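The sequence shown begins at 8 in the working numbering and counts up by one. Each residue gets a CB set at the ideal place from its N, CA and C atoms; glycine is no exception. What you are looking at is a predicted structure, and each value in this text was computed from that prediction instead of being measured.
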Amino acid sequence: MTSYFHFNGALVPADSVCIPATDRSYLFGDGLFETILVQNSQPIFLAEHLTRLQASGTFFDYDLPPNEQLAEDVHAVIAANAIETGSIRLTVSPQESQGLLATAQSRLNILITYRRGSPYTPEQYQSGFHAVIAEVTRRNEHSPLSVHKSTNYADNILARQEALDRGADEALMVNTSGNLTEGTIANLFLVKNQIVFTPPITDCVLPGILRQKVLGLCDTLAIACREETLCPEALQSADEAFLTNSLMGIMPLATIEGDTFDLSLNSITSRLGIALKDLFRHDIKLSDPR
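Structure below.
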């Protein structure tokens, strides 16, 4: 079966896609992307992903197509590849450079790719992730890049490699002030005395789609929740900890730097996980009312 990607306005065989050598994401990490979960052949929270992409596009002065066109292209990739469960990646980047800056009014390369299947296993959710605090790099809370999902991922790559080298699944990063921010690909939440805590955006945190959904679920379920600056010592006193992103949903943390969490006592994490699955089903129904 031929696989199809969507590249610059057309469905094309995946093995024929060629990104020009002048692409600025390739040359400088000057690009944006969104990673979108697909369930029941529907892209989950697509509208929210496209809204975030447009906001970042405005910041970087990218001339993006309207959301309606991008959504149509995403659905075209899902249909052409008969994706039941998987993920979509939408990447945009300027085509041409003039030295360090993009050529004036440079058009965008817009690439939509996919992966088939569930990115995480039931066993991973059952056993939880093991995390360490990255030492190789720190997040810069003063950089405007911190709130945009850009293709400039070098810090995240260094931290993730450190985690793997230390036998962990994920690395938690601190900012230049030494406070907790997020993982390399996920937002961080802690639970203490039935209260959910997460670092604020201003501490160098990506405004994750699932992060916002979890904050909303806390409000719906009457679970106390606070966006609050967290020092690394907060990890040691937490009762529960979990990560969120658009593909993993909610992933419990089993250990952080060797400190163990009893996942059987994860009452808040479990409640939020169940509620999030209901939210997924609701979004699928809205996308495909059949």
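Residues near residue i by beta carbon distance below 6 Å, same chain, minus five either side
i           : result
residue 191 : 163, 166, 167 and 178
residue 259 : 135, 249, 270, 273 and 276
residue 118 : 14 and 98
residue 47  : 291
residue 211 : 146, 148, 153, 182 and 188
residue 74  : 57
residue 130 : none
residue 294 : 49
Test item: CB-CB of residue i and residue j under 8 Å
i           : j           : result
residue 251 : residue 217 : yes
residue 38  : residue 98  : yes
residue 148 : residue 236 : no
residue 88  : residue 15  : no
residue 261 : residue 197 : no
residue 104 : residue 31  : yes
residue 271 : residue 43  : no
residue 81  : residue 50  : yes
residue 20  : residue 102 : no
Beta-carbon proximity list for residue i, same chain, < 8 Å, skipping 5 on both sides
i           : result
residue 264 : 138, 139, 140 and 242
residue 181 : 140, 141, 145, 146, 187, 188 and 239
residue 224 : 230, 279, 282, 283 and 286
residue 18  : 11, 12, 83, 84 and 87
residue 296 : In this prediction, residue 296 has a pLDDT of 49, which is less than 50 and means its spatial position is unreliable; what the coordinates show is noted afterwards. Cβ neighbours of residue 296 beyond the five flanking positions: none.
residue 169 : 139, 141, 142, 143 and 178
residue 109 : 31, 37, 101 and 103
Cβ distance (whole Å) where residue i is taken to contact residue j below 8 Å
i           : j           : result
residue 205 : residue 234 : 6 Å
residue 41  : residue 156 : 6 Å
residue 213 : residue 154 : 7 Å
residue 64  : residue 71  : 4 Å
residue 158 : residue 36  : 5 Å
Spatially closest choice to residue i from the options, by CA coordinates
i           : options              : result
residue 146 : 186, 169 and 108     : 186
residue 67  : 80, 100, 20 and 18   : 100
residue 86  : 54, 22, 23 and 45    : 45
residue 193 : 228, 255, 289 and 61 : 255
residue 171 : 136, 20 and 159      : 136
residue 175 : 60, 215 and 266      : 266
residue 22  : 9, 159, 29 and 57    : 9
residue 257 : 152, 33 and 222      : 222
residue 107 : 29, 288 and 201      : 29
residue 203 : 228, 61 and 211      : 228
residue 289 : 102, 220, 160 and 96 : 220
residue 268 : 20, 133, 26 and 96   : 133
residue 96  : 69, 114 and 60       : 60
Identity of the residues DSSP links to residue i by a beta bridge
i           : result
residue 146 : 182
residue 259 : 249
residue 199 : 202
residue 50  : 45
Neighbourhood of residue i by C-beta, 7 Å cutoff - its chain only, sequence neighbours within 5 removed
i           : result
residue 199 : 244, 245 and 246
residue 123 : 90 and 93
residue 112 : none
residue 34  : 104
residue 195 : 179, 187, 189, 205, 206 and 250
residue 114 : 102
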